[in-house]
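Working notes, structure below.
There are 4 protein chains.
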Amino acid sequence: MLIAPPFMLTTGPVPAYPSVRQALGGPLVYDGNPVFQAFYAGLVDKLGHVMRLTNKPVILQGDALLGLEAAAASLIGPDDPVLTLASGVYGQGFGVWSKRYGAEVLELTVPFDEAIAPELLSARLQARPDIRVVTVCHHDTPSGTLNPVAEIGRIVRAHGAYLIVDAVSSFGGMDVHPEAVFADIFVASAAKCLGAPPGLTLLGVSERAWAKIKANPTAPRQSFLSLLDWEQAWRPDRPFPVTPSLADINALDAALDRHLAEGAEAVWARHAATAAAARAGLKALGLALWPKSEAIAAPTATVFRVPEGIVDTALRERVLNTFGVLLSLGRGATAGRVLRIAHMGVTAQPLLAIAAVTAIGAALRSLGRVVDVGAGVEAALAALEHRQT
Amino acid sequence: MLIAPPFMLTTGPVPAYPSVRQALGGPLVYDGNPVFQAFYAGLVDKLGHVMRLTNKPVILQGDALLGLEAAAASLIGPDDPVLTLASGVYGQGFGVWSKRYGAEVLELTVPFDEAIAPELLSARLQARPDIRVVTVCHHDTPSGTLNPVAEIGRIVRAHGAYLIVDAVSSFGGMDVHPEAVFADIFVASAAKCLGAPPGLTLLGVSERAWAKIKANPTAPRQSFLSLLDWEQAWRPDRPFPVTPSLADINALDAALDRHLAEGAEAVWARHAATAAAARAGLKALGLALWPKSEAIAAPTATVFRVPEGIVDTALRERVLNTFGVLLSLGRGATAGRVLRIAHMGVTAQPLLAIAAVTAIGAALRSLGRVVDVGAGVEAALAALEHRQT
Amino acid sequence: MLIAPPFMLTTGPVPAYPSVRQALGGPLVYDGNPVFQAFYAGLVDKLGHVMRLTNKPVILQGDALLGLEAAAASLIGPDDPVLTLASGVYGQGFGVWSKRYGAEVLELTVPFDEAIAPELLSARLQARPDIRVVTVCHHDTPSGTLNPVAEIGRIVRAHGAYLIVDAVSSFGGMDVHPEAVFADIFVASAAKCLGAPPGLTLLGVSERAWAKIKANPTAPRQSFLSLLDWEQAWRPDRPFPVTPSLADINALDAALDRHLAEGAEAVWARHAATAAAARAGLKALGLALWPKSEAIAAPTATVFRVPEGIVDTALRERVLNTFGVLLSLGRGATAGRVLRIAHMGVTAQPLLAIAAVTAIGAALRSLGRVVDVGAGVEAALAALEHRQT
Amino acid sequence: MLIAPPFMLTTGPVPAYPSVRQALGGPLVYDGNPVFQAFYAGLVDKLGHVMRLTNKPVILQGDALLGLEAAAASLIGPDDPVLTLASGVYGQGFGVWSKRYGAEVLELTVPFDEAIAPELLSARLQARPDIRVVTVCHHDTPSGTLNPVAEIGRIVRAHGAYLIVDAVSSFGGMDVHPEAVFADIFVASAAKCLGAPPGLTLLGVSERAWAKIKANPTAPRQSFLSLLDWEQAWRPDRPFPVTPSLADINALDAALDRHLAEGAEAVWARHAATAAAARAGLKALGLALWPKSEAIAAPTATVFRVPEGIVDTALRERVLNTFGVLLSLGRGATAGRVLRIAHMGVTAQPLLAIAAVTAIGAALRSLGRVVDVGAGVEAALAALEHRQT
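Protein chains in written order, with our numbering: chain A, 1 to 389; chain B, 1 to 389; chain C, 1 to 389; chain D, 1 to 389.
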């Protein structure tokens, strides 16, 4: 029997909200049934409302990596020079697809504990006016850092290029939306801050992106990777290109309802407060955050450096075995150097962040470090109080 | 609120078995958690047992079309002449991918109410000894017909070519397994006869197919379409190439447990009896089956011709609105000409087939036809009794 | 693992509606939490609306027998002569409690395949003007017969006596409500036609009944059997007398929502059509209904006589083992003589009744009888068609 | 929509374990179906195993108060002098039923923050050798105190009297079992430490108790309050006296499975560690525990005094609104004077206790008190560490 740890604070998948979990047991209705088609059309509109789109979003039937690959395959043409903004493992990793589908891949890299400076982007675009597509990861989860996507989007749009934004682990947990950041393709997930299970990608596609995709002869068609196949999937008179993942669709619907019932602003505030408590608490434990500045630390995951002399997996296991708290390891450049606490969906609860601080502090002590756990908790509380006043 | 019709007898998705539906509400455990990795390794073995494989199966994180496309993309190399066996809409449709990935596509076509005759295949292979890949659909659902895949497999293997078998809507509901039919890639679904929701493809890949795929430079790698990425996904020491669709994974596990608890042979007998009742009943109503001979009619779906002068959608709506029975329409060449009753998973119940016969008969009568519904029911019962004795 | 038969057509418990089943997995919220108290107050109002009450209903935390016993214990005082109307096993059985709590128990009995004639009641009340409480079972499930409760209620009210109505297996499936039948205590169940699981009794109590109960020194107080304890349980400022059965409460809420969404009249029509089909079908099989006249046959269960020479349990097992249909046996006076098909909640589907007729006919034949199953199905269809025109 | 607070640490009902919640959506199988009867017989044996009984336990179809009332009504005869041991609100409250069913009720009272001293009991029994029934509450939840039931049981048995033990909020969370404490009726709950929803009472009844009950003319028979009706309810050849509450039965089965899978000793250790952390943490916050000595503090709930000058409901609301932690208020003699943190079932997690300490400390501070929250957390951690070494 599969049992989840009591406190699963991983950067995704995250535990489902209770109402989402209930929705997973809902009816699996034949996708050719008009009842389902009407439901799906309504779901697309509901999602469009949550994404604050003026056109229809696309739901792809696979977890976020499908959407990211589909975005690259669809938007990037064989003649396109692509600029990959790389402030972290995920942002840089997108280059794999850029290389596969584009003509040439340029990379603007900053250290993985920093964010892309907009002026660097402007300079690079000026130097290479032929750049047609820019890609950026909003919240680079292995680093826990945010890029200034709205500024980036404004620059790219002014340049006349197209922008792909990976907002997988930020959307839903903070104030970021496709059109507000001038994204041409904006890739979000059902399985992070919305609190649904992994299995669906949520995409916003601008009208100019649709036009470019349609003109792109290599854009996937009749393929699981296709965006085009799904452009009008909401139309009740059309068969679905692929049988939708019905249980996941039911879950997404419930997740959106829940999000709207709590209110986006309240959800964001809850995520932000949780992260603030985590950062303050960890620092008071004497731990260093991975992001160079708190100004770029994400509200949806807190990444801290594992102290010298301690092995990341040892600390993680100690926290798990002693307190039932499961953390995420680093990845790529941050592997072995950090641990990560997610604040996404149901785990975005300030008291859970404080509990994580408590558990991490106690585990460090049991590994031989001198740590003032009480100070960590007090600092986290102070950070919360500060927010409320 | 989404509500399923009382009797959803569609060719897929099908209603989940009760224990599967319960499993959907199970814990979503982080895929990097050793607990989950051990669970997944066990699941792969359980699936291998159900598929009667001597090596490990692959689970792809998308509904069956993903697996079919991935099979073509992986196995078919740019120099490969491919022979598509086309006895129906799905078998023929596979050619889209063969064309995309292969050097040349040949098609062996028979009328869509017939099956591929093995001797035709032999002749074609003799004529074109360079054919390297053959593709076949076992149960071509739009026609409700079966191809003799074991004989086909033997011929292809003897020829030295590779065989891709689409067993999406037959596997689990009848005695068909990858190695028994000499399949190199065998594509099955969680969402048909196993009674889980759509969202996962289940694949058997022969060792010689793995060798060919590895040698194929165009086989997808680092892609949602990749088989290679997943070859060793069961290894607890490796991260998953893509976050698994956890709710669907939980459901698959429960579906396999249920299948094993009832016993494969009992499950197959239940499907076969249901189809036999449906065929006998429909014929006694004066309806013609679509398959030219009952010997090639599938045990997992019964396809019948809509009588002259009646519109398929009108009959389907009448059956739905009067009795709550939802049937599938035809597709492609059979669109407008047939209706289809699925017998898959929880709907493979002889009494449900008789209820469908009753509803179809009564609906035809209400549309002005002279129909002996009682005779239909009696014939269905006789067919069942015949099987038991 | 507990598995339900495919077609569970028993007179209760009945399979839960899908949305009810989902609600069972809902949050168990502390009953002292204002959030729960507000929810409960809303639930009581919703139930009052469904019961068409002008005052608040009572929900007791146990299946219907609790409510029936509580009604007797509360309303019947030690000086009260009680008249038990006995047209069946359940109506007569109520006398056990009348005897326990009242001064004297009179019984008005009719054969158990008939209904109480109002004029008999009038005569009896005239003969014994001191009768203070009358008890009646609306749908005496072991017989499948209805009593004319509205007329009975009018007579009892005119007489100045109090009436207890057992509407456990009729309420929700037909047009019967406490105030419309002049009931002083009206006992209904969550677990029959509303389609929730067993565990709660739903009671309507008239204001005059409350007055009598309060004046009754032997009415249970501080007891699981108490109605008085629950009179104001909906008040958010009061603790619950007993911790509510939270999962069952969640289910009831969903069951009421579902009932209201379909619409009471539509629900009743569905039940009535199902029963009409069952009756016509069984008769055409050559079976005799237990109720002397169809005018008194309940829309929520069809009871038929097992033919001479056939053992009830043998027929029931044959139907179950061959077709997966589970029927109820008789009870008390009808035990061994009848079988019963329920039409309650999710099982109130005309096609299910026809399927039951089919299965029963085929089973009789396999037990050696000459039965025209086709005629049974045709007659059931004719009955349905007749209703629609 | 009903939503539970994020951290529901109330003394019951408690949140269901995940597998229990899933089981609630399981099949509702007709109680007259042999499949269900066999399942029920197995459930009774499983429960007997968990209760470490040498005879069969009884499951009553209502929450714990039903079982307590039924125990009194069944075991206490009209000639029996009854001794009520009253060390708390619940123990004393049992006297209501003793008075109702017995000849005379004696009370042995100690202050409600103390436990019954065995020597006091011995003295009382010596003074009144005619005492036939003694009642005791093991964990008097409003006080959070334990009585020494094993010693009490030995004395009562030696005296020749009968003992009723209310173990509702201790059984499952610590090492207490009917036969080990010489209980004649031992009343436990599905809804506390086992982590199932409220709706069932679990009773152990000694053979000598059964004999006394059978000899008691006033013991309920044919009643919802009857134990006798249920003595042999596990026998597959008998109809159930009352339709079982099927969803709750499914949940209980899953709760017992879970309990056995974790192992009783591990479950108890988890509860004990959680309580130890809570006690240490609260004391370090400067709060006083309600129990006079920690030796009698229960491992399943920690009760602390609300400081002078603070209103209990104000503190509770602050904790709830700021941190999402729901605590229980006091009851009866402790109402207004204490707050209570439950450690039962899924909430018996040491880190949850520390989180509660954190939240309570921070709330007190926000209400104007000088509190060292860090010290509270450190003390709780120290208590945990101490247990592990």
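Backbone N, C-alpha and C define an ideal beta-carbon position, used for all residues, glycine too.
Taking 8 Å as the threshold, the shortest C-beta distance from B:V373 to chain C falls below it.
At a cut-off of 8 Å between beta carbons, B:G144 makes no contact with chain D.
At a cut-off of 8 Å between beta-carbon atoms, B:P118 makes no contact with chain D.
Taking 7 Å as the upper bound on Cβ-Cβ separation, chain D lies near residues Q61, G62, D63 of the region 44-63 of chain C.
Taken atom to atom, the span from the alpha-carbon of D:H386 to that of D:L194 is near 27 Å. The alpha-carbon separation between D:E107 and C:G42 amounts to approximately 41 Å. Assignment of alpha helix (DSSP H) within the region 183-267 of chain D, counting only whole runs of 4 or more residues, yields 207-215, 246-262 in chain order. Beta-carbon to beta-carbon, C:V149 and C:V105 are separated by about 20 Å, too far to satisfy the 8 Å threshold.
Taking each of D:V50, D:V29, D:P57 in turn and checking the Cα distance to D:I185, the smallest one comes out for D:P57. Contact check between the region 18-28 of chain B and the region 163-182 of chain B: fewer than three CB pairs, one atom from each, fall below 8 Å, which does not count as touching. Taking A:W290 as the centre and dropping the five residues before and after it, the same chain places the C-beta of D113, S143, G144, V303, F304, R305, T334, V338 closer than 7 Å to its C-beta, in chain order. Under DSSP, A:D113 takes part in no beta bridge, so it has no partner. For the 8 Å CB-CB criterion, A:A383 and A:A276 form a contact. About 27 Å separates the CB atoms of A:P197 and B:L53; that is not less than 8 Å, and the two are not in contact.
B:Y40 carries a helical assignment under DSSP once its states are collapsed to helix, strand and coil. Sequence-ordered contacts of the region 351-378 of chain D with chain A read L351, I354, A355, T358, A359, A362, V373, G374, A375, V377, E378 [C-beta pairs closer than 7 Å]. The alpha-carbon of C:P350 is positioned some 32 Å away from that of C:P118. Setting aside the 5 residues that flank it on each side, C:A273 is surrounded in the same chain by P350, L384, R387, each with a C-beta closer than 7 Å to its C-beta; the list follows chain order. A:K192 counts as buried, since at least 16 other C-beta atoms from the protein chains shown sit within 10 angstroms of its C-beta. Only those residues of the region 70-83 of chain D whose C-beta falls short of 7 Å from the nearest C-beta of chain C would be listed, and there are none. Using a CB distance cut-off of 8 Å, B:L327 does not count as an interface residue toward chain C.
For C:V181, no alpha helix (DSSP H) run applies, since DSSP gives it neither H nor E. Between D:E151 and A:G309, the alpha-carbon positions lie close to 53 Å from each other. Counting other Cβ atoms within 10 Å of its Cβ, A:V14 reaches 16 or more and is therefore classed as buried. Of all residues in the region 15-33 of chain B, only P18, S19, R21, Q22, G25 place a beta-carbon less than 9 Å from a beta-carbon of chain C.
Here the C-alpha atom of C:M344 lies approximately 38 Å from the C-alpha atom of D:M51. For the pair C:L121 and C:I155, the Cα-to-Cα distance works out to about 8 Å. When C-alpha distances from C:A86 are compared across C:Q126, C:P78, C:M8, C:H139, the shortest belongs to C:H139.
Beta-carbon to beta-carbon, D:G160 and D:A183 are separated by about 15 Å, too far to satisfy the 8 Å threshold. Annotated three-state conformation of C:P118 is helix, per DSSP.
Around the beta-carbon of B:M1, fewer than 16 other beta-carbon atoms lie within 10 Å, marking it exposed. In the structure shown, the three-state DSSP call for A:V303 is strand. Contact of A:G324 with chain D by beta-carbon distance below 8 Å involves Q349, L351. Taking 8 Å as the cut-off, the Cβ atoms of A:G173 and A:W268 count as close. Proximity of chain B to A:F224 at the Cβ level (cut-off 7 Å) is accounted for by G62, L65, L66, E69, F224, L225, in chain order. Secondary structure note for A:I152: its alpha helix (DSSP H) is the uninterrupted segment 149-159.
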